[in-house]
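Single-structure report; data block below.
There are 2 protein chains.
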Amino acid sequence: MGLFQKCSRLSLRSSYMWSVCPQYSIAVTARETPDRALIVHWTQHRDVHNSRRLGANPANPSAAPPRLPFSRVTQEDLSFFRALLPGRTITDPDLLKSSNVDWLKTVQGSSDVLLRPKTTEGVSQILRYCNERNLAVCPQGGNTGLVGGSVPVFDEIILSTSLMNQVFAFDNISGILTCQAGCVLENLSHYLEERDFIMPLDLGAKGSCHIGGNVSTNAGGLRLLRYGSLRGTVLGLEVVLADGHVLNCLATLRKDNTGYDLKQLFIGSEGTLGVITAVSILCPRKPKAVNVAFLGCSSFQQLLETFQCCRGMLGEILSAFEFLDASCMNLLEKHLKLTNPITECPFYIVIETAGSNATHDEEKLHQFLEEVMTSSLVTDGTVATEATKIKALWSLRERVTEALTHEGYTYKYDISLPVEKIYDLVQDMRRHLGGMAKNVVGYGHVGDGNLHLNITSPSKDFDLLAAIEPYVYEWTSQWKGSISAEHGLGLKKRNYIYYSKPSEAVALMGSIKAMLDPKGILNPYKTLPDNIN
Amino acid sequence: MGLFQKCSRLSLRSSYMWSVCPQYSIAVTARETPDRALIVHWTQHRDVHNSRRLGANPANPSAAPPRLPFSRVTQEDLSFFRALLPGRTITDPDLLKSSNVDWLKTVQGSSDVLLRPKTTEGVSQILRYCNERNLAVCPQGGNTGLVGGSVPVFDEIILSTSLMNQVFAFDNISGILTCQAGCVLENLSHYLEERDFIMPLDLGAKGSCHIGGNVSTNAGGLRLLRYGSLRGTVLGLEVVLADGHVLNCLATLRKDNTGYDLKQLFIGSEGTLGVITAVSILCPRKPKAVNVAFLGCSSFQQLLETFQCCRGMLGEILSAFEFLDASCMNLLEKHLKLTNPITECPFYIVIETAGSNATHDEEKLHQFLEEVMTSSLVTDGTVATEATKIKALWSLRERVTEALTHEGYTYKYDISLPVEKIYDLVQDMRRHLGGMAKNVVGYGHVGDGNLHLNITSPSKDFDLLAAIEPYVYEWTSQWKGSISAEHGLGLKKRNYIYYSKPSEAVALMGSIKAMLDPKGILNPYKTLPDNIN
Numbered sequence: 001m002g003l004f005q006k007c008s009r010l011s012l013r014s015s016y017m018w019s020v021c022p023q024y025s026i027a028v029t030a031r032e033t034p035d036r037a038l039i040v041h042w043t044q045h046r047d048v049h050n051s052r053r054l055g056a057n058p059a060n061p062s063a064a065p066p067r068l069p070f071s072r073v074t075q076e077d078l079s080f081f082r083a084l085l086p087g088r089t090i091t092d093p094d095l096l097k098s099s100n101v102d103w104l105k106t107v108q109g110s111s112d113v114l115l116r117p118k119t120t121e122g123v124s125q126i127l128r129y130c131n132e133r134n135l136a137v138c139p140q141g142g143n144t145g146l147v148g149g150s151v152p153v154f155d156e157i158i159l160s161t162s163l164m165n166q167v168f169a170f171d172n173i174s175g176i177l178t179c180q181a182g183c184v185l186e187n188l189s190h191y192l193e194e195r196d197f198i199m200p201l202d203l204g205a206k207g208s209c210h211i212g213g214n215v216s217t218n219a220g221g222l223r224l225l226r227y228g229s230l231r232g233t234v235l236g237l238e239v240v241l242a243d244g245h246v247l248n249c250l251a252t253l254r255k256d257n258t259g260y261d262l263k264q265l266f267i268g269s270e271g272t273l274g275v276i277t278a279v280s281i282l283c284p285r286k287p288k289a290v291n292v293a294f295l296g297c298s299s300f301q302q303l304l305e306t307f308q309c310c311r312g313m314l315g316e317i318l319s320a321f322e323f324l325d326a327s328c329m330n331l332l333e334k335h336l337k338l339t340n341p342i343t344e345c346p347f348y349i350v351i352e353t354a355g356s357n358a359t360h361d362e363e364k365l366h367q368f369l370e371e372v373m374t375s376s377l378v379t380d381g382t383v384a385t386e387a388t389k390i391k392a393l394w395s396l397r398e399r400v401t402e403a404l405t406h407e408g409y410t411y412k413y414d415i416s417l418p419v420e421k422i423y424d425l426v427q428d429m430r431r432h433l434g435g436m437a438k439n440v441v442g443y444g445h446v447g448d449g450n451l452h453l454n455i456t457s458p459s460k461d462f463d464l465l466a467a468i469e470p471y472v473y474e475w476t477s478q479w480k481g482s483i484s485a486e487h488g489l490g491l492k493k494r495n496y497i498y499y500s501k502p503s504e505a506v507a508l509m510g511s512i513k514a515m516l517d518p519k520g521i522l523n524p525y526k527t528l529p530d531n532i533n
Numbered sequence: 001m002g003l004f005q006k007c008s009r010l011s012l013r014s015s016y017m018w019s020v021c022p023q024y025s026i027a028v029t030a031r032e033t034p035d036r037a038l039i040v041h042w043t044q045h046r047d048v049h050n051s052r053r054l055g056a057n058p059a060n061p062s063a064a065p066p067r068l069p070f071s072r073v074t075q076e077d078l079s080f081f082r083a084l085l086p087g088r089t090i091t092d093p094d095l096l097k098s099s100n101v102d103w104l105k106t107v108q109g110s111s112d113v114l115l116r117p118k119t120t121e122g123v124s125q126i127l128r129y130c131n132e133r134n135l136a137v138c139p140q141g142g143n144t145g146l147v148g149g150s151v152p153v154f155d156e157i158i159l160s161t162s163l164m165n166q167v168f169a170f171d172n173i174s175g176i177l178t179c180q181a182g183c184v185l186e187n188l189s190h191y192l193e194e195r196d197f198i199m200p201l202d203l204g205a206k207g208s209c210h211i212g213g214n215v216s217t218n219a220g221g222l223r224l225l226r227y228g229s230l231r232g233t234v235l236g237l238e239v240v241l242a243d244g245h246v247l248n249c250l251a252t253l254r255k256d257n258t259g260y261d262l263k264q265l266f267i268g269s270e271g272t273l274g275v276i277t278a279v280s281i282l283c284p285r286k287p288k289a290v291n292v293a294f295l296g297c298s299s300f301q302q303l304l305e306t307f308q309c310c311r312g313m314l315g316e317i318l319s320a321f322e323f324l325d326a327s328c329m330n331l332l333e334k335h336l337k338l339t340n341p342i343t344e345c346p347f348y349i350v351i352e353t354a355g356s357n358a359t360h361d362e363e364k365l366h367q368f369l370e371e372v373m374t375s376s377l378v379t380d381g382t383v384a385t386e387a388t389k390i391k392a393l394w395s396l397r398e399r400v401t402e403a404l405t406h407e408g409y410t411y412k413y414d415i416s417l418p419v420e421k422i423y424d425l426v427q428d429m430r431r432h433l434g435g436m437a438k439n440v441v442g443y444g445h446v447g448d449g450n451l452h453l454n455i456t457s458p459s460k461d462f463d464l465l466a467a468i469e470p471y472v473y474e475w476t477s478q479w480k481g482s483i484s485a486e487h488g489l490g491l492k493k494r495n496y497i498y499y500s501k502p503s504e505a506v507a508l509m510g511s512i513k514a515m516l517d518p519k520g521i522l523n524p525y526k527t528l529p530d531n532i533n
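Listed in order, the protein sequences are those of chains R and F.
For the first sequence, UniProt numbering begins at 1 and goes up steadily by one.
For the second sequence, UniProt numbering begins at 1 and goes up steadily by one.
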């Protein structure tokens, strides 16, 4: 009992507030052992002060809380699922393996059943049944999340959208696409490009991630600077609520002010309030001309000045302004054998333009490049207009995450800060950690003020971890930043929410959860902190 | 009792669902007469079938419901307010007049007190007191709404944001503005233009409307096509909840995925869930070049083809594509003495470009104009690049609403439809009404699929109204449109919500209202329908 001094669960009696029930879940867990929850990432348990701010396990706020008293899946349940989804109720442990572990292989669940419905009605029947039986459910898209949000923590039933991959409609006048939640982002991109449109979002995981998962996690990615967030581009959603009711908000209108915009509740709530089954989204025209420039800067200050100059001179054709530091480049060369196309620099920039007139775009880009080269803001650079070369330059930015996985163990932080502060955190962290870390690297979306801070060590190192956290969160909070800019909170970051949100806001989130999912069956242990007071 | 056969109110006992309490409120109302509610717009009461779909008063779903049993303002209450807001507690009936009636002079309340706090703390103390005393409150910004959402229906206390007009901060690197809710949109525009930025929204009412009201109503306006909706550009809000608690979500980050995005609840909920006291908003750079073209088309089909061509050729510099029909032009000439700058046509288009390179923009615009003139899509046109001429061309679109007010009585509809359908509704309505209406005119935002359908008669005409409604809503619903694209529902449209939203969605809205404002004191009788089942 020493380890988890407090735990919280959704109260069944109150629909308004989560209530903290000390010891109750622990007692249940103890009775129902063995629980097979295993957080590979976190295993050290130290005796430190119980901090209310950091939730159930103050020594290790990312660790899984005790299993909540959900029912266990019985043979009778399996019979129900098999009758409902013949051939699509998976219980073979080998087939379940990849769905029980996240992409980073840091969170390991132990679910015994994976359901693969094809229709909204199927999802509805599953949730109605699970809600009645008090069975917990983990909705899963492409399972590419980085915060342990898309895998079970214990034995939650995995509800996969992988067979829900139909495009319902595309209107080539308005550019509005309507499709099922399980469509893979890259497949949608190909579908649209054939029709002279593009998706308003793009990210490294596009080959696997599902649009439903993108919406559930409010994915940002590489095009946010230009096309804005999913909160603006998603026009409609169909969602199945915890009790199986289908909420049809699948509008295909650019403007609709009839009542509260319910779909916003489900964007970014990581499957904890409902399961998204279909999406309608506003897609931009495919640009007639795309150019990518890869530039080098000798300081972050020069990089920022280049960004300012770029926004002024490229204006409406600027579609991405990304950066990586020299340490990232070293890892790309070392592990992925990618070649640095320019001379070595402390900082590299990827600039993309997308416009409707190739001549105009090239002229703007060349004027900009001339300006930043003659003023010595940029020390070297290369430009690509041809698709293969564009892809090669982009891969230098997109494959940093992959390169890092070869380094041993990676501690990942996804931070929003005022743009002029983003690299200060990397430099300060290097000073702070001294020789403890193998690498402290920074890359990300300058245009959005979004830093991906990654710290590597040969293997898991809890002394290193203790030096990073909560230091990184305190640093972020001090500058009124966000401790999760685009990755979400999932399992790993849930208890750090108070560094970015006041307690009144978190309490209200708990009320919303309790209203929509009173039994708490949807993606438990995710997003919201263990203790909401 | 015949008139209002059912009425609903927020249940005090349940936080989960609105409950329908037949007759209860009626009884209270009868005891507490005189109630001075007067809906100027609607006075006819006919004996028709009670339609559940259309709420409390099926003959006249826009009419005010009976007064709910809120407390009446006492001398003791006034003493409290005067101590809290010395000199800013207005009870002089002459001074209250303009705050009791909407801009269109169609909804008339009878509030006896107008409060003008300067700070969030002031708003908090007012709401805490009103919630405890069960006093209803009508939040009011610039009072420019068109659906009766910003004026009291009975004796609700008017809580004005007019003295909350401070700019807190502007970051000229990120373009993020943070200000109080009562800042007038045009003042913010001037403030930003001096700093080489612009507001991401612009609308005809800019000289009076408040940014807090814009956000509360999710105002669309003229720049939505380019800069997207407030759901994407508003980065943070500070909101005072019904019980006086301050919810600080005033982030200034472009990306933040830490938990549910609570601010979205308050965008577009018309002050029924909380009072917005401060806003942070992402502002675009001021474009270096602006051009406006005013064109004529001989059919709506040609107008649509011009739109398609325009999107392709102007691409990223297109910032507005608006239209008005010949009837609108006649009214502009007749009542406002504006001059049509081109030859007479059935349809007129206002196209605005905004870009970073004047030469490129002019070249794109000229190429586009050459294309649409030589292909005869457009019959005549004029272009302005100079500010005064740009303003003059824009006024032809912006002042249509004003011209209509001179026509006698106007029935206003703000409809979203698939863009190729928007003028069909105008033509069909003309056929349907025959000689009953004086004018049936259409104008609006083609780029957003948003039609402003306006029907005039010399004076209020209930036979005409009965011919328009619910016909117009049924027509819209048949094409899966929105019965309120950007104006909101307010008092006038609240009971028509079911034409655009399924009952499950409306019930969930009721649950959210009950959770955040269990006594229902915030802007009662607005947004949600009288009967939620």
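Even glycine gets a Cβ: it sits at the ideal position worked out from N, Cα and C.
In this text the structure is predicted, and so the values were computed from the model without any measurement.
What does the alpha-carbon distance come out to for the pair R:G442 and R:L451?
Along the first sequence, one-based indexing puts residue 442 of chain R at 442. Along the first sequence, one-based indexing puts residue 451 of chain R at 451. C-alpha of R:G442 to C-alpha of R:L451: approximately 7 Å in a straight line.
Taking the alpha-carbon positions, what's the residue 557 of chain F to F:A467 distance?
Given a span of 1 to 533 for chain F in the structure shown, any question on residue 557 of chain F remains unanswerable.
Host alpha helix (DSSP H) of R:E125 (start-end):
For the purposes of this step, residue 125 of chain R is taken as the residue at position 125 of the first sequence. For clarity, residue 125 of chain R is Gln in the given sequence; the question names Glu instead. Residues 120–133.
Taking beta-carbon pairs under 8 Å, can you tell me which members of the segment 256–269 of chain F lie near chain R?
Of all residues in the segment 256–269 of chain F, the ones placed with a Cβ closer than 8 Å to any Cβ belonging to chain R are D256, N257, T258, G259, Y260, D261, L262, Q264, L265, I267, G268, S269, in chain order.
With a CB to CB cut of under 7 Å and the five nearest residues on each side skipped, what residues in its chain are close to F:R311?
In the second sequence, counting from the first residue as 1, residue 311 of chain F sits at position 311. Within the same chain, L318 come within 7 Å of F:R311 by CB-CB distance, once the 5 residues on both sides are set aside.
With DSSP run on the structure shown, which of helix, strand or coil describes R:E270?
Sequence index remark: in the first sequence, residue 270 of chain R carries index 270 (1-based). Looking at R:E270 - three-state DSSP - the assignment turns out to be coil, as it is neither helix nor strand.
Pull up the CB-CB distance for F:V246 and F:V234, whole angstroms please, since I reckon it's below 8 Å.
To locate residue 246 of chain F, count along the second sequence from 1; it is residue 246. To locate residue 234 of chain F, count along the second sequence from 1; it is residue 234. Rounded, the Cβ-Cβ distance is 18 Å, inconsistent with contact.
Which runs of the beta strand (DSSP E) at least 3 residues long sit entirely within the segment 406–461 of chain F? Give them in chain order.
Segments of the beta strand (DSSP E) lying fully in the segment 406–461 of chain F: 409–416, 439–445, 450–457.
Any residues in the segment 447–469 of chain R with a beta carbon nearer than 9 Å to a beta carbon of chain F? Which ones, in chain order?
For the segment 447–469 of chain R, which is checked against every Cβ of chain F, the residues closer than 9 Å are G447, D448, G449, N450.
Taking DSSP's pairing of strands, which residues face F:G207 in a bridge?
Counting from 1 along the second sequence, the entry for residue 207 of chain F is found at position 207. In the DSSP output, where bridge partners are listed per residue, F:G207 has none listed.
So R:A320 and R:L369 are in contact, right, with Cβ under 8 Å, and what is the actual spacing, rounded?
In the first sequence, residue 320 of chain R corresponds to position 320, counting from 1. In the first sequence, residue 369 of chain R corresponds to position 369, counting from 1. Contact between R:A320 and R:L369 is absent: CB atoms are separated by about 16 Å, not below the 8 Å threshold.
Please report the straight-line C-alpha distance between residue 541 of chain F and F:S484, rounded to a whole angstrom.
The structure shown has nothing for residue 541 of chain F, since chain F only spans 1 to 533.
R:Q302 to R:S189, Cα distance in whole Å?
Numbered from its first residue, the first sequence carries residue 302 of chain R at position 302. Numbered from its first residue, the first sequence carries residue 189 of chain R at position 189. CA-CA distance, R:Q302 to R:S189, rounds to 34 Å.
What does F:L528 touch in chain C if you count any residue whose Cβ is under 9 Å from its own?
Absent from the structure: chain C. Protein chains present are R and F.
Partner residues on chain R for F:R311, Cβ-Cβ distance less than 7 Å:
By 1-based counting over the second sequence, the position of residue 311 of chain F is 311. What F:R311 touches in chain R: R285.
What's the C-alpha gap between F:A505 and F:L331?
Stepping through the second sequence from its first residue, residue 505 of chain F is reached at position 505. Stepping through the second sequence from its first residue, residue 331 of chain F is reached at position 331. One alpha carbon belongs to F:A505, the other to F:L331, and they sit about 40 Å apart.
Report the rounded CA-to-CA distance for F:C209 versus F:V137, giving the unit in angstroms.
As a first step, residue 209 of chain F is located in the second sequence; it is residue number 209 there, counting from the start. As a first step, residue 137 of chain F is located in the second sequence; it is residue number 137 there, counting from the start. For F:C209 and F:V137, the distance between alpha carbons rounds to 19 Å.
One question on the structure: do F:V290 and F:S124 come within less than 9 Å of each other, judged by their Cβ atoms?
The residue you call residue 290 of chain F lines up with position 290 of the second sequence. The residue you call residue 124 of chain F lines up with position 124 of the second sequence. In this structure, F:S124 does not lie closer than 9 Å to F:V290 by Cβ.
In the DSSP assignment, find the unbroken alpha helix (DSSP H) run with F:S79 in it and report its ends.
Here residue 79 of chain F corresponds to residue number 79 of the second sequence, with the count starting at 1. Per DSSP, F:S79 belongs to the alpha helix (DSSP H) from 75–84.
Specify the secondary structure class of F:I512 as computed by DSSP and reduced to three states.
In the second sequence, residue 512 of chain F corresponds to position 512, counting from 1. DSSP, reduced to helix, strand and coil, places F:I512 within a helical segment of the structure shown.
F:G355 by DSSP, collapsed to three states: which one?
Taking the first residue of the second sequence as 1, we reach residue 355 of chain F at position 355. If DSSP states are grouped into helix, strand and coil, F:G355 belongs with the strands.
Cutting at 6 Å between CB atoms, please list the residues of its own chain near R:Y499, excluding the five before and the five after it.
Position 499 of the first sequence, counting from 1, holds the residue named residue 499 of chain R. Residues of the same chain with a CB within less than 6 Å of the CB of R:Y499, apart from the 5 flanking positions on each side, are Y473, S477, I483 in chain order.
Give me the Cα-Cα distance between F:V372 and F:C345, rounded to the nearest whole angstrom.
For the purposes of this step, residue 372 of chain F is taken as the residue at position 372 of the second sequence. For the purposes of this step, residue 345 of chain F is taken as the residue at position 345 of the second sequence. For F:V372 and F:C345, the distance between alpha carbons rounds to 15 Å.
Selection from R:S375, R:V147, R:I157 that minimises the alpha carbon distance to R:L115:
Position 115 of the first sequence holds residue 115 of chain R. Comparing Cα positions, the closest option is R:I157.
Please report whether the beta-carbon of R:K288 lies at a distance below 9 Å from any beta-carbon of chain F.
Working through the first sequence from its first residue, we reach residue 288 of chain R at position 288. Yes, because at least one Cβ of chain F sits closer than 9 Å to the Cβ of R:K288.
Closest by C-alpha distance to F:P524, when choosing among F:R67, F:P61, F:G244:
Locating residue 524 of chain F in the second sequence gives position 524, where the first residue counts as 1. Ranking F:R67, F:P61, F:G244 by CA distance to the CA of F:P524 puts F:R67 first.
Interface residues of chain R facing F:M509 [CB-CB closer than 8 Å]:
Residue numbering aside, residue 509 of chain F sits at position 509 when the second sequence is read from its first letter. Those within 8 Å of F:M509 in chain R are G259, Y260, L262.
Closest Cα partner of R:I198 within the set R:E186, R:P458, R:P418, R:L104
Counting from 1 along the first sequence, the entry for residue 198 of chain R is found at position 198. Ranking the options by Cα distance to R:I198, first place goes to R:E186.
Is residue 552 of chain F helix, strand or coil by DSSP?
Absent from the structure is residue 552 of chain F, since the part of chain F shown begins at 1 and ends at 533.
If the cut is a Cβ gap below 7 Å, which residues of chain R does F:E420 touch?
Walking along the second sequence from the start, residue 420 of chain F turns up at place 420. Correct list: I173.
Hey, could you find the ends of the alpha helix (DSSP H) R:P93 is sitting in?
On the first sequence, residue 93 of chain R is found 93 positions in, with the first residue counted as 1. Run containing R:P93: 93–100, per the alpha helix (DSSP H) assignment.
Anyone know if the C-beta pair for R:L433 and R:L464 falls short of 9 Å?
Position 433 of the first sequence, counted from the first residue, corresponds to residue 433 of chain R. Position 464 of the first sequence, counted from the first residue, corresponds to residue 464 of chain R. Yes.
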